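Under numbering that gives the first Met the number 0, the sequence shown has 242 at position 243, and the numbering climbs by one with no breaks. Built from N, CA and C at the ideal position, the CB exists for glycine as well. All of these numbers come straight from a predicted model, not from anything done at the bench. A short write-up of the structure that comes next.
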Amino acid sequence: MKKKLRSGYTTGACAAAASKAAALLLFTGVLQENVEIPFPDGSRVKFSIVLSGHADSGKQIASASVIKDAGDDPDVTNGARIDASVQYGAKNSENDETLILHGGVGVGRVTKRGLAVAVGNPAINPVPQKMIRDAVTEALAETGKAMDCCLNITISIPDGEELARKTLNHRLGIVGGLSVLGTTGIVRPVSADAWTATIATSMDVAKEADLSEIILATGRTSERAVQEMLGLPEEAQIMMGDYLHFSLLEAAKHSFRTIHLAAMWAKVMKAGMEIPQTHVRNGALEVETALEFLKGLGCSSQLIAALEGSNTAREIYGRLLDRGEQQVVLQVCEAARHYAEKVSGLEVIVYLVDATSSVVVKTGEKS
């Protein structure tokens, strides 16, 4: 019997916990041994604080640290120390924000377009930003502290620059350190055996429920968007992650009638390019290769020239939309559908989901 893999916590969750501990120390003068913070799904998790103290004699800057535990996931940041400092600051007349995030040592800075964070900003993704602000806001509420100033919150990862050399950050234009990531606060172990076994078992359950249609989704955002449209039973939702080819073959084995394939742009584009396993560790989506693919779909040389220099698939998508090339987006979705139908032998409907959790393209026989 295989050992069940243990989940862990994202860098963003650790940063939020450290931020709350630092804020509580700043507000109360009391060192925190542990803190509990809210997660995006409404749950709460307690974190141990390993270091905490004031960084100045006037006790206007407090800091705290959390050691990241990624569970059984082979994460390069597992065991890394995540630091947060919270400092009183003056309100900016041009910006009424009261909780201002900064990237410290070991946190990368974005230098290229196409990422979730704008150029020039620290590479702290939107969900971690919200988790950090929510945690500090909770510290304010717990201590009854009135905000008559702003708070500067700085996230640092002492070994971040060295650890970043083991990632693809440099290719994406993130320099000087790591990204602070996470969409749920939880790191679920990446194991091919665990993933594929879960996919197959999920399909077994769907079949036992006499379902003829399933949703194959690459992530929770895509799954949620399509489920809201279709309202299928819970058993129909199959989280395939990046195991596209395996999932299509497994769906064929289970003789489902229809696959509702839900994904964001980069994953849809990889499916259209017939890349069977869509995780970046199995090959980052090279922009040049993507442009060759678009040429094969009949895109003009002028359009290809306008797309050259894109840093990521996300940026290609943005440029296509900026130029009103929705038809090209539809062609990519059709290519993904044709690949999925070729592998599975089943009817496939492709749903392209954007960052706002909205279905922006639906293509297939039932469109």
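His-253 sits in coil when the DSSP states are folded into three classes, being neither helix nor strand.
Contiguous beta strand (DSSP E) elements confined to the segment 130–191 occur at 149–155, taking only those with 3 or more residues.
Ranking Ser-62, Glu-234 and Ser-47 by CA distance to the CA of Ala-54 puts Ser-62 first. Take Ile-99, set aside five residues on each side of it, and the residues of its chain with a beta-carbon closer than 8 Å to its own are Gly-88, Cys-149, Leu-150, Asn-151 and Ile-152, in chain order. The alpha-carbon separation between Val-349 and Leu-290 amounts to approximately 21 Å.
Gln-59 counts as exposed, since fewer than 16 other beta carbons sit within 10 angstroms of its beta carbon. In the DSSP annotation of this structure, the continuous segment of the alpha helix (DSSP H) that includes Thr-27 starts and ends at 10–27.
Take Tyr-338, set aside five residues on each side of it, and the residues of its chain with a beta-carbon closer than 6 Å to its own are Ala-270 and Glu-273, in chain order. Residue environment analysis places Asn-168 among the buried positions, since at least 16 neighbouring C-beta atoms fall within 10 angstroms of its C-beta. Shown here for Glu-212: same chain residues with a beta carbon closer than 7 Å to its own, the five before and five after excluded, namely Leu-231, Ala-235, Phe-255, Arg-256, Thr-257 and His-259 in chain order. Residue nearest to Pro-121 within the set Lys-165, Gly-11, Ala-16 and Ala-216 is Gly-11 (criterion: CA-CA distance). For Lys-266, the uninterrupted alpha helix (DSSP H) segment begins and ends at 264–271. DSSP links Glu-35 through a beta bridge to Lys-45.
Only residues of its own chain outside the window of five on either side were considered, and among them Asn-124 and Pro-125 have a CB closer than 7 Å to the CB of Ala-115, listed in chain order. DSSP, reduced to helix, strand and coil, places Thr-362 within a strand of the structure shown. Three or more Cβ pairs closer than 8 Å define a contact, and the segment 299–319 falls short of that threshold against the segment 208–226. Annotation note: the segment 60–116 contains the following uninterrupted beta strand (DSSP E) runs of length 3 or greater, listed N- to C-terminal: 60–66, 80–88 and 98–102.
Looking at the backbone, the Cα of Leu-171 and that of Glu-207 are separated by about 44 Å. Judged by pairs of C-beta atoms under 8 Å, the segment 104–114 does not touch the segment 41–49, as fewer than three such pairs exist.
DSSP lists Ala-216 as the bridge partner or partners of Met-238. Judged by DSSP secondary structure, Leu-50 falls within the beta strand (DSSP E) whose first and last residues are 50–53.
Contact annotation: Thr-217 and Lys-266 have beta-carbon atoms nearer than 7 Å.
Taking C-beta atoms under 8 Å as the contact rule, Ile-156 and Leu-177 qualify, at a distance of about 6 Å. The secondary-structure analysis by DSSP pairs Glu-346 across a beta bridge with Thr-257. Note that the segment 125–137 touches the segment 11–26; at least 3 beta-carbon pairs, one per stretch, sit closer than 8 Å.
With fewer than 16 other beta carbons inside 10 angstroms of its own, Lys-252 counts as exposed. With respect to Met-228, Val-331 sits apart: the two C-beta atoms are not nearer than 7 Å.
Closest in alpha carbon position to Gly-52, among Leu-248, Gln-86, Met-202 and Glu-324, is Gln-86. By the CB criterion at 7 Å, Gly-159 and Gly-105 fall inside the cutoff. Per DSSP, the beta bridge partners of Gly-7 are Val-186. A straight-line Cα-Cα distance of about 39 Å links Ala-21 and Ser-309. Of the candidates Asp-353, Ser-357, Ser-343 and Ala-335, the residue whose Cα lies closest to the Cα of Gly-363 is Ala-335. Between Thr-288 and Thr-142 a beta carbon distance of about 53 Å is seen, past the 8 Å cut, so the two are scored as non-contacting.
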